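A.B. asks:
There are 4 protein chains.
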Amino acid sequence: GQPLVLIAGPCVIEHEELTRAIALYLKNLAREMDIPFIFKASFDKANRTSSAAYRGPGFEQGIEILKNIKQDLNIPVLSDVHRHEEIEKAAEILDVIQIPAFLCRQTDLIVEVAERARVVNIKKGQFLAPWDVRNILEKVLSRGNDNILITERGTCFGYNNLVVDFRSLPILRREGFPVVFDATHSVQLPGGQGTASGGQREMVPYLARAAAAVGIDGLFLEVHPDPSKALCDGPNSLYLDTLPDLLRTVKAIDGSVMALKSQRP
Amino acid sequence: GQPLVLIAGPCVIEHEELTRAIALYLKNLAREMDIPFIFKASFDKANRTSSAAYRGPGFEQGIEILKNIKQDLNIPVLSDVHRHEEIEKAAEILDVIQIPAFLCRQTDLIVEVAERARVVNIKKGQFLAPWDVRNILEKVLSRGNDNILITERGTCFGYNNLVVDFRSLPILRREGFPVVFDATHSVQLPGGQGTASGGQREMVPYLARAAAAVGIDGLFLEVHPDPSKALCDGPNSLYLDTLPDLLRTVKAIDGSVMALKSQRP
Amino acid sequence: GQPLVLIAGPCVIEHEELTRAIALYLKNLAREMDIPFIFKASFDKANRTSSAAYRGPGFEQGIEILKNIKQDLNIPVLSDVHRHEEIEKAAEILDVIQIPAFLCRQTDLIVEVAERARVVNIKKGQFLAPWDVRNILEKVLSRGNDNILITERGTCFGYNNLVVDFRSLPILRREGFPVVFDATHSVQLPGGQGTASGGQREMVPYLARAAAAVGIDGLFLEVHPDPSKALCDGPNSLYLDTLPDLLRTVKAIDGSVMALKSQRP
Amino acid sequence: GQPLVLIAGPCVIEHEELTRAIALYLKNLAREMDIPFIFKASFDKANRTSSAAYRGPGFEQGIEILKNIKQDLNIPVLSDVHRHEEIEKAAEILDVIQIPAFLCRQTDLIVEVAERARVVNIKKGQFLAPWDVRNILEKVLSRGNDNILITERGTCFGYNNLVVDFRSLPILRREGFPVVFDATHSVQLPGGQGTASGGQREMVPYLARAAAAVGIDGLFLEVHPDPSKALCDGPNSLYLDTLPDLLRTVKAIDGSVMALKSQRP
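Protein chains in written order, with the numbering used here: chain A, 1 to 265; chain B, 1 to 265; chain C, 1 to 265; chain D, 1 to 265.
#1: Taking only runs of the beta strand (DSSP E) that begin and end inside the stretch 43-89 of chain D, which ones reach a length of at least 3 residues, in chain order?
#2: Mind checking the stretch 160-178 of chain B against chain D and listing, in chain order, the residues whose C-beta falls within less than 7 Å of any C-beta there?
#3: If you follow the beta strand (DSSP E) that D/E138 is in, where does it begin and where does it stop?
#4: Check whether the stretch 220-235 of chain B and the stretch 200-208 of chain B touch, using three or more Cβ-Cβ pairs below 8 Å as the test.
#5: Could you tell me whether the Cβ of A/S197 comes closer than 8 Å to any Cβ of chain B?
#6: Compare the C-beta of D/N135 against all C-beta atoms of chain A and say whether one is closer than 8 Å.
#7: With DSSP as the reference, label B/E276 as helix, strand or coil.
#8: Taking the alpha-carbon positions, what's the D/E64 to C/F37 distance?
#9: The alpha helix (DSSP H) spanning C/N28 covers which residue range?
#10: Do the stretch 41-51 of chain A and the stretch 72-83 of chain A make contact, defined as three or more Cβ pairs closer than 8 Å?
#11: For D/G191, would you say it is in contact with chain G, using Cβ-to-Cβ distances shorter than 8 Å as the test?
#12: Do B/F102 and D/G158 come within 8 Å of each other at the CB atom, strictly closer than that value?
#13: Taking the alpha helix (DSSP H) that B/A117 belongs to, which residues open and close that run?
#14: Can you list the residues of chain A that B/Y206 reaches, using a CB-CB cut of under 9 Å?
#15: Is A/K124 helix, strand or coil when you go by DSSP?
#16: Do the stretch 182-195 of chain A and the stretch 172-189 of chain B meet, that is, are 3 or more Cβ pairs less than 8 Å apart?
#17: Can you give the Cα-Cα distance for C/P265 and C/R174, rounded to whole angstroms?
#18: State the DSSP-derived secondary structure class of C/L260, mapped to helix, strand or coil.
#19: Taking D/I99 as part of the beta strand (DSSP E), name the residues at either end of that continuous run.
#20: Quick one: what's D/Y239 bridged to in DSSP?
#21: Could you tell me whether the stretch 138-151 of chain A touches the stretch 136-148 of chain D, using the rule of 3 or more Cβ pairs below 8 Å?
#22: Within its chain, find whatever has a CB closer than 7 Å to the CB of D/C104; leave out the 5 residues flanking it on each side and keep chain order.
#23: Name the chain A residues whose beta carbon is nearer than 7 Å to that of C/F157?
#24: Just by C-beta distance, which residues in the stretch 241-262 of chain D are closer than 7 Å to chain C?
#25: Examine chain C for any beta-carbon lying closer than 8 Å to the beta-carbon of D/M203, and answer yes or no.
#26: Report all residues from its chain with a CB closer than 7 Å to the CB of C/V273; omit the five preceding and five following residues, and keep chain order.
#27: If the criterion is Cβ atoms closer than 8 Å, does the pair B/A208 and B/V250 meet it?
#28: Determine the extent of the beta strand (DSSP E) in which D/I266 is found, giving its start and end residues.
#29: Using 8 Å as the threshold, is the stretch 5-16 of chain B in touch with the stretch 226-236 of chain B, meaning 3 or more CB pairs across them?
#30: With a floor of 3 residues, list each beta strand (DSSP E) that falls wholly inside the stretch 166-192 of chain D, ordered by position along the chain.
#31: Go through its chain and collect everything with a Cβ distance to B/W131's Cβ below 7 Å, but skip five positions before and after it.
#32: With the cut-off set at 8 Å, would you say A/F166 and B/A252 are in Cβ contact?
#33: Where does D/F157 sit, in a helix, a strand or coil, going by DSSP?
#34: So which residues on chain D does A/H185 lean against when the C-beta distance must stay under 7 Å?
#35: Beta-carbon within less than 7 Å of B/L24's beta-carbon, same chain only, minus the 5 sequence neighbours each way: which residues are those?
#36: If you reduce the DSSP assignment to three classes, tell me which class D/V12 lands in.
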């Protein structure tokens with residue numbers, strides 16, 4: 001019975017001004033549309049396809065930028081960690097710590113995040129069946145943390161391609177935690193550009209609408225004012241100015257689905 | 001800009017009374033909800049998993065039943081053909097002739113159906129990429145028939161499982177023909193019960209809503225008053241009495257998506 | 001304990017002389033290498049990707065060519081049927097009638113072939129789990145015919161790609177019938193060239209050797225003196241002059257696997 | 001032109017005596033059969049499906065056990081690392097450091113291992129196309145280390161299942177580094193037992209033989225005197241006493257493939 005939450009921001013922190021500008025735009029848009037909002041940005045892309053790719057400002061500088069934006073704009077922030085030594089400080093600042101999809105089976109990382117984070121967002125690995133997320137949940141719960149989000153971001157489908165199996169959303173929801181749909185990573189074509197992943201930005205609105213129609217608690221989107229110049233994941237990032245239309249439709253669909261439920265005893 | 005069409009009926013003709021009763025129920029429901037309706041029933045399930053399975057009344061008797069129902073209820077009817085000798089008579093009676101998914105690469109069948117049918121519904125094979133449907137369209141168009149529907153019904157995903165790649169719907173729509181989503185066959189688990197295909201009925205509403213949110217021209221559903229006693233595809237058939245709720249939500253979602261489009265110049 | 005059989009020939013009959021020349025070459029090579037041989041050629045490619053593609057001489061002319069080659073060279077011949085009206089005459093001439101992979105679920109075709117053919121070769125559909133072949137076997141056996149071959153030819157793997165799951169060979173063999181590996185169709189890239197299927201000829205020797213090492217009863221290969229000029233499936237057909245090396249290695253591997261078995265009590 | 005290497009050992013160090021006994025058995029068997037041998041054992045299974053599963057003695061104790069076995073038996077040893085703080089000491093003792101499949105995209109881990117390890121064994125992720133391994137190789141090579149092994153261990157195929165695409169072996173070999181086939185992890189059924197991965201031990205010999213027939217530089221096998229009592233990956237571990245037969249056949253097949261090559265100019 002909760003309204004859908006928006007988790008959005010740039011793939012990676014490129015520099016503070018740009019990151020702050022995006023956050024401000026999103027905060028205002030979300031308020032206008034009456035959508036709860038969490039700002040997302042990564043300080044380090046530790047698993048880029050190629051080592052020549054831009055990785056971000058790194059942990060120390062990046063976490064400071066997120067801290068400033070969080071305080072100045074008074075918005076909750078989400079980011080991901082890849083190394084144990086990042087967790088403690090990340091937990092001080094971040095409202096949500098995200099377990100990257102490739103790392104969703106690393107027990108130590110998960111339990112240490114579980115111990116320290118206010119909220120843990122588990123990205124379901126591309127190699128994982130939806131019912132196998134239960135084992136990850138148990139790793140988090142074993143540390144006494146039950147503030148968990150589960151994020152669907154597509155499943156391996158042949159080579160250099162992902163498919164979203166929308167049956168996963170109700171399966172994941174049965175676990176009793178909010179389920180988020182990551183519409184921009186779900187349209188990645190992993191490794192599809194040789195030394196970088198390709199993406200199908202034009203497919204994001206279709207999949208975001210589909211997810212809302214199936215029923216989700218949150219929508220995760222990577223955005224950029226000019227994705228063609230983005231330093232990371234440009235091909236699957238959304239243009240900022242396409243967000244209002246998309247969110248309006250998603251909200252209407254979410255409303256139709258909620259109405260259906262509320263009629264039921 | 002057209003409203004969504006419903007194509008629905010039992011998997012197979014079990015006997016005339018039951019088939020007629022289902023058709024009447026659906027006709028009335030569709031009229032009440034202001035949804036254009038085409039009645040669907042097969043006279044012969046020629047590719048059952050096992051030869052011990054019920055196949056239907058056969059062509060001669062089945063086509064007569066459809067003819068009677070069509071005339072008496074004044075509704076358009078759709079059915080599928082598997083053998084060349086069925087095409088001529090089928091074309092006389094049926095409003096839409098359907099090419100079964102497993103046969104979507106059989107050139108002779110397709111062109112002969114194209115020559116005679118008013119409308120051809122191509123079911124995309126579970127083994128086919130969405131962009132490869134173009135070659136089938138060209139086979140139909142080469143016979144001067146451009147009354148074509150394309151139906152998505154899921155794609156092979158490992159063994160005994162299908163996945164719906166919802167990116168296929170906009171890809172198929174680019175071809176310029178109405179695109180139908182078959183929500184009940186898409187949840188089949190092929191061969192999943194040893195000598196019959198299993199199915200996940202509970203997933204049908206999720207996928208039907210998702211398809212409407214992505215954007216479709218028609219929704220295809222197999223229904224039965226008591227799927228537990230259905231002689232074919234029971235596990236993925238919908239209970240008749242769950243249809244009103246499902247269609248109401250689908251229609252609302254379709255409206256939200258249409259509204260989005262009409263705002264655009 | 002039987003030696004491996006070679007089933008080989010061109011994808012389609014292009015004209016009688018070429019077909020006969022290939023058959024003669026293969027017959028002599030097989031005799032030299034002491035490998036039992038069945039000649040394979042199709043008279044009609046009824047499920048080409050595009051209707052613009054060459055289909056062959058058609059049934060009437062094609063079956064006569066096969067009849068002549070069979071008599072003149074005194075070799076067993078295999079071909080496939082797609083339409084019911086072809087079965088009776090095909091059964092008079094052919095030693096093995098093949099059920100095409102796309103048609104492996106068409107009950108009527110299978111039982112009618114079962115009733116008339118000396119030997120039935122079932123090509124496992126690209127959409128079928130190996131354990132589901134049992135239902136097809138039962139359709140054949142229900143007609144009193146137990147002269148059955150089962151052919152593996154790859155499984156759907158994402159779009160426009162097949163993968164050979166070599167676990168299927170021992171699973172299929174458990175059914176008690178000879179298992180054939182089709183090494184040239186297994187490297188097809190279905191629809192991979194837009195209006196035709198691509199293929200990875202260079203992968204054929206690897207997969208043929210792998211199949212022999214796993215354990216098979218027959219190896220199926222499409223060959224052509226100049227695949228670049230072949231009218232069908234050129235990209236995955238083998239150059240005739242690469243056969244001796246390939247067969248020598250396959251035979252050596254088959255010998256190693258047989259030796260292993262014969263040591264066991 | 002090099003003979004095939006055997007990399008084998010238990011999934012995890014259960015205790016020192018058992019580990020040593022396995023190592024001794026394998027060393028003697030390999031010497032007898034004239035097969036170069038590297039001993040493999042993990043000190044920590046950091047990505048078990050469930051947190052209730054046995055993980056091993058941990059790094060400190062485990063690395064000491066491996067050090068003792070290496071010195072006493074005078075054999076090279078391989079193990080895997082999951083955390084940065086393990087790399088330095090691991091590099092002092094291990095002959096080969098392995099990058100786990102789930103971590104094959106973690107740039108920091110790879111480059112730090114590359115900087116310190118004598119030899120790096122990259123396990124190809126289940127989510128990775130074979131041609132995308134090139135980007136990982138470049139991460140290693142960028143640190144001046146070109147002592148690299150690449151290990152194939154299967155690819156995602158639907159849910160809870162892997163398939164080995166044997167086309168990957170020649171594709172990986174084109175990169176110019178030795179290619180290893182991991183025959184025991186390739187038959188895992190990930191998550192297939194709810195809180196643990198299942199496995200198909202009976203499929204290991206088939207796939208190992210297939211890999212040898214395709215052409216590999218090394219064969220990786222997890223073994224145990226009694227897999228039914230193994231604390232990790234029992235379902236896909238081989239009984240020690242089945243090794244001699246398997247290795248004899250694999251060696252014969254490898255010989256047939258090498259003979260083929262040596263005939264070529």
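Glycine included, each C-beta is placed from N, C-alpha and C at the ideal position.
It should be emphasised that the depicted structure is a prediction, and the values quoted were computed from it without experimental measurement.
C.D. replies: Considering the structure as presented:
#1: Here the runs fully enclosed are 77-80.
#2: N161
#3: Here D/E138 belongs to no beta strand (DSSP E); instead the alpha helix (DSSP H) covers V133 to L141.
#4: yes
#5: With a threshold of 8 Å between beta carbons, A/S197 makes no contact with chain B.
#6: yes
#7: The structure shown does not extend to residue 276 of chain B, since chain B is modelled only from 1 to 265, so the question has no answer here.
#8: 59 Å
#9: E16 to E32
#10: Yes, the stretch 41-51 of chain A touches the stretch 72-83 of chain A.
#11: Within the model displayed, chain G is absent; protein chains A, B, C and D are what it includes.
#12: The Cβ atoms of D/G158 and B/F102 lie no closer than 8 Å to each other.
#13: Per DSSP, B/A117 lies in no alpha helix (DSSP H) and is assigned neither H nor E.
#14: Those are F166, R167, L169, P170, A213, V214 and G215, listed as they occur along chain A.
#15: A/K124 falls in the coil class under three-state DSSP.
#16: no
#17: Caution is warranted here: a pLDDT of 45 is assigned to C/P265, below 50, making its placement in the model unreliable, and the coordinate value is therefore given only provisionally. If you take the alpha carbons of C/P265 and C/R174, they lie about 19 Å apart.
#18: Residue state, collapsed to three classes: helix.
#19: V96 to I99
#20: According to DSSP, D/Y239 bridges with D/H224.
#21: With a cut-off of 8 Å, the stretch 136-148 of chain D and the stretch 138-151 of chain A do not count as touching, because too few Cβ pairs lie within range.
#22: I122, K123, K124, G125, L128 and I136
#23: G158
#24: D245, T249, A252, I253, S256, V257 and L260
#25: yes
#26: Not covered by the structure: residue 273 of chain C. The range shown for chain C is 1 to 265.
#27: Yes, these two residues count as a Cβ contact at 8 Å.
#28: An answer regarding residue 266 of chain D cannot be provided, because it is not within the stretch 1 to 265 covered by chain D.
#29: Contact between the stretch 5-16 of chain B and the stretch 226-236 of chain B is present, because at least three Cβ pairs lie under 8 Å.
#30: 179-182
#31: These residues qualify, in order along the chain: I171.
#32: Not in contact: A/F166 and B/A252 (Cβ atoms no closer than 8 Å).
#33: coil
#34: The premise fails here: A/H185 is roughly 13 Å from chain D at the closest Cβ pair, so nothing lies under 7 Å.
#35: L73
#36: strand
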